[in-house]
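Enquirer: Residue numbers (the working numbering), protein chains in the order written: chain F, 6 to 84; chain P, 767 to 1275. No residue lacks a Cβ here, since even glycine has one placed at the ideal position from N, Cα and C. Quick caveat, the model's predicted, so the values are computed rather than measured. Supplied in structure tokens, the structure appears directly below.
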């Protein structure tokens, strides 16, 4: 299998796990884990970038969901 | 109509609305400028943010995003030779050569001036044209409406880029997906697989985000990796570009009018408009030899045409409920969420929402113009966002949008499935916009033909002769046949030459 084929297969697997994670663990936790994994898969090598981008985006989304939308995202153990 | 406009003015110029317009236009510009995020995707990702806004505000916001995203695409086309949205492919031809000559600012200035002029002309046509079309459309009954929809579907194949056969196959796949759910008249359930989430059909917003964003993410995953190898040095002043662009008055008028007209056609989007605007400018230019080597006029022609599309494309979407391209399909999804059902009656029932919306588009164009001349130089680096950050972020936004639509976890799976489906289609070079149009227009066609059949049987005439009894239906039947003939002929020519005249295939919408 070529490298891009392998990347594709792993991404599809991650996407399925991510949806299962949203449903069973909670949206924000699952999103954080998914973003870190997908960034690493796509060649992002700087941990500071990975963590700060994930937390930054999720913080904005948390604000949007809580302030704007008043929708209860699926939540689980942590968030 | 004039009283509607005057009544709309205080709404549009309220501080909250001005803020929403500016936010939409700037956000649209930045998203449009990001390679990998098309105008369609920008709207699909931002529709969920509007769920709790009031309908006027939501529409104004999404309209601003539409204007901004079509303009924003030119920024990455000029600076790094990658179109932020397919609408800017023609802009690259001269924009990037200008950047290589150290005149990035000139190109950006010409692009934003053109986008502004084209955008304003389109909105003027929308403001005066839409009420006229809506008034005409009020006289249209179910059977006529059915044929208008069928005509729109066939012209999607005739006017799209690349293989027309593949365009029609995509449209047919979309129609098939549109069948899922309860029958519009009898209520019989079809292909729901027992899932209550599918009783009302595949939710349009969910299908849309899945189809465009997840497939785009998978596309980014298989793209060659690494630094694009480009750096953005100083952009420089935009004023020389704006001043140079203003010399091409004839080009401005031609591109703006062409763009607006092309926008009203079903199936033709901003990408085709920018190419036609560019080619026509080259043909009429006194210096055609400069095109492709860094002609300011080329950038100006392409960008004026593609922003003209914005106003034009909103006419059939708002007055008939028939979106002509993928961006307006996404916008239609946004309208439906707020209980606004586009169609001829919308202008009567909700003129208090529509007129503020149309007027706000003038301000949205002004907002990205001001932004380009002030804040752009600080934010132009957005075009360098690496795929490794972009792709995961798009997935998270998609899933949030899919879930918040109606709080159903089934929708997460639908979005994922649609994304994989879209990716497979893209691999086979099947265009995605006709799929979305099929999902939206299929139920519309079905509802109207079912009603027409009821009327025909009540009058005790065969359905076919009932169709032929209406002149409007006959006109659209002829147009449908013509568009199929053109489609077949173009396909044959396309097969013989190997490629079409314009191979602008790009599934980013």
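Would you mind listing the beta strand (DSSP E) stretches within the stretch 978-1050 of chain P that are 3+ residues and don't spill past its ends, in chain order?
Expert: Within the stretch 978-1050 of chain P, no complete beta strand (DSSP E) run reaches 3 residues.
Enquirer: Among the residues of its own chain, which have a CB less than 6 angstroms from the CB of residue 908 of chain P, if the five just before and after it don't count?
Expert: Excluding sequence neighbours, residue 908 of chain P sits near 1214, 1217, 1218.
Enquirer: I'd like the list of long-range same chain contacts for residue 770 of chain P, defined as Cβ closer than 6 angstroms, with 5 residues on each side in sequence excluded.
Expert: These residues qualify, in order along the chain: 1117, 1121.
Enquirer: Can you check the stretch 9-48 of chain F for any alpha helix (DSSP H) of at least 4 residues that lies completely inside it and give the ranges in chain order?
Expert: Qualifying alpha helix (DSSP H) stretches, in chain order: 32-46.
Enquirer: From what residue to what residue does the alpha helix (DSSP H) around residue 884 of chain P run?
Expert: Looking at the DSSP string, the run of the alpha helix (DSSP H) that includes residue 884 of chain P is 870-903.
Enquirer: Which partner residues of residue 955 of chain P appear in the DSSP bridge assignment?
Expert: Partner(s): P:948.
Enquirer: Within the stretch 1160-1221 of chain P, note down every full alpha helix (DSSP H) run reaching 4 residues or more, in order along the chain.
Expert: 1176-1193, all fully within the stretch 1160-1221 of chain P.
Enquirer: Is residue 1160 of chain P near residue 982 of chain P, with beta carbons less than 8 angstroms apart?
Expert: Against a cut-off of 8 angstroms, the Cβ pair of residue 982 of chain P and residue 1160 of chain P comes out as a contact.
Enquirer: May I have the straight-line CA-CA distance separating residue 780 of chain P from residue 815 of chain P, to the nearest angstrom?
Expert: Looking at the two C-alpha atoms, the distance is approximately 21 angstroms.
Enquirer: Determine whether the Cβ of residue 1154 of chain P lies closer than 8 angstroms to any Cβ atom of chain F.
Expert: Yes - at least one Cβ of chain F is within 8 angstroms of the one on residue 1154 of chain P.
Enquirer: Using a Cβ-Cβ cut-off of 8 angstroms, state whether residue 1269 of chain P counts as contacting chain F.
Expert: Here the model assigns residue 1269 of chain P a pLDDT of 44, short of 50, so the residue's position is not dependable and the matter cannot be decided.
Enquirer: Please report how far the alpha carbon of residue 830 of chain P lies from the alpha carbon of residue 1130 of chain P, in whole angstroms.
Expert: C-alpha separation (whole angstroms): 5 angstroms.
Enquirer: Out of P:1058, P:937, P:1002, which one is the CA nearest neighbour of residue 860 of chain P?
Expert: The shortest Cα separation from residue 860 of chain P among P:1058, P:937, P:1002 belongs to P:1058.
Enquirer: Measure from the alpha carbon of residue 896 of chain P to the alpha carbon of each residue in P:1053, P:1205, P:1083, then state which is nearest.
Expert: Ranking P:1053, P:1205, P:1083 by Cα distance to residue 896 of chain P puts P:1083 first.
Enquirer: Can you tell me whether DSSP reads residue 773 of chain P as helix, strand or coil?
Expert: Three-state DSSP puts residue 773 of chain P in a helix.
Enquirer: Which of the residues in the stretch 1152-1176 of chain P, read from start to end, lie with their CB under 8 angstroms from any CB of chain F?
Expert: Within the stretch 1152-1176 of chain P, the residues whose Cβ lies closer than 8 angstroms to some Cβ of chain F are 1152, 1153, 1154, 1155, 1157, 1158, 1159, 1161, 1162, 1163, 1165, 1166, 1169, 1170, 1173, 1175, listed in chain order.
Enquirer: Specify, as a first and last residue, the run of the alpha helix (DSSP H) that residue 1103 of chain P falls within.
Expert: Segment 1092-1103, the alpha helix (DSSP H) holding residue 1103 of chain P.
Enquirer: Does the beta-carbon of residue 990 of chain P have 16 or more other beta-carbons within 10 angstroms, so that it is buried, or is it exposed?
Expert: Exposed.
Enquirer: Pick helix, strand or coil for residue 1275 of chain P, following the three-state DSSP scheme.
Expert: Below a pLDDT of 50, predicted positions are generally treated as unreliable, and residue 1275 of chain P, at 44, falls in that range; no measurement from the model is reported.
Enquirer: To the nearest angstrom, how far is it from the Cα of residue 1111 of chain P to the Cα of residue 1003 of chain P?
Expert: Residue 1111 of chain P and residue 1003 of chain P: Cα-Cα distance of roughly 47 angstroms.
Enquirer: Does any C-beta atom of chain F lie closer than 8 angstroms to the C-beta of residue 988 of chain P?
Expert: True, the Cβ-Cβ gap to chain F drops below 8 angstroms.
Enquirer: So, is residue 53 of chain F buried or exposed, given that buried needs 16 or more other C-beta atoms within 10 angstroms?
Expert: That one is exposed.
Enquirer: Of the residues that make up the stretch 65-79 of chain F, which ones have a beta carbon closer than 8 angstroms to any beta carbon in chain P?
Expert: Going along the stretch 65-79 of chain F in chain order, one finds 66, 69, 70, 73, 74, 75, 76, 77, 78, 79 with a Cβ nearer than 8 angstroms to chain P.
Enquirer: Roughly how many angstroms lie between the CA atoms of residue 1267 of chain P and residue 921 of chain P, to the nearest whole one?
Expert: Unreliable positioning characterises residue 1267 of chain P in this predicted model, as indicated by a pLDDT of 43, which lies under 50. The coordinate reading is nonetheless provided below. Whole-angstrom Cα-Cα distance: 18 angstroms.
Enquirer: If I follow the unbroken alpha helix (DSSP H) through residue 961 of chain P, where does it start and stop?
Expert: No alpha helix (DSSP H) holds residue 961 of chain P; DSSP gives it neither H nor E.
Enquirer: What residues in its chain sit with their C-beta under 8 angstroms from that of residue 842 of chain P, if we drop five residues either side in the sequence?
Expert: Correct list, in chain order: 799, 800, 801, 848, 849, 850, 854, 1149.
Enquirer: To the nearest angstrom, report how far apart residue 916 of chain P and residue 1211 of chain P are at their CA atoms.
Expert: Roughly 7 angstroms separates the two Cα atoms.
Enquirer: Taking its Cβ as the centre, do 16 or more other Cβ atoms sit within 10 Å of residue 1179 of chain P, making it buried, or is it exposed?
Expert: Looking at its Cβ environment, which holds 16 or more other Cβ atoms inside 10 Å, residue 1179 of chain P is buried.
Enquirer: Could you tell me the distance, in whole angstroms, from the CA atom of residue 1035 of chain P to the CA atom of residue 1254 of chain P?
Expert: Answer to the nearest angstrom: the Cα atoms are 21 angstroms apart.
Enquirer: Just the C-alpha distance for residue 1072 of chain P and residue 1227 of chain P, rounded to the nearest angstrom, thanks.
Expert: Their Cα atoms are separated by approximately 47 angstroms.
Enquirer: Please decide whether residue 16 of chain F counts as near chain P, where near means a Cβ-Cβ distance under 8 angstroms.
Expert: Answer yes: the Cβ-Cβ gap between residue 16 of chain F and chain P drops below 8 angstroms somewhere.
Enquirer: Can you give the Cα-Cα distance for residue 1207 of chain P and residue 46 of chain F, rounded to whole angstroms?
Expert: Spanning the two alpha carbons is a distance of roughly 39 angstroms.
Enquirer: Would you list, in chain order, the members of the stretch 805-816 of chain P that have their beta-carbon closer than 8 angstroms to a beta-carbon of chain F?
Expert: Of all residues in the stretch 805-816 of chain P, 814, 815 have a Cβ within less than 8 angstroms of some Cβ in chain F.
Enquirer: Would you be able to state if there are at least three C-beta pairs under 8 angstroms between the stretch 1151-1165 of chain P and the stretch 29-47 of chain F?
Expert: Verdict: yes, contact present.
Enquirer: On the criterion of 16 or more Cβ atoms from any shown chain inside 10 Å, does residue 866 of chain P qualify as buried, or is it exposed?
Expert: Exposed, since its Cβ has fewer than 16 Cβ neighbours within 10 Å.
Enquirer: What residues in its chain sit with their C-beta under 7 angstroms from that of residue 883 of chain P, if we drop five residues either side in the sequence?
Expert: Answer for residue 883 of chain P: 1018, 1022, 1070, listed in chain order.
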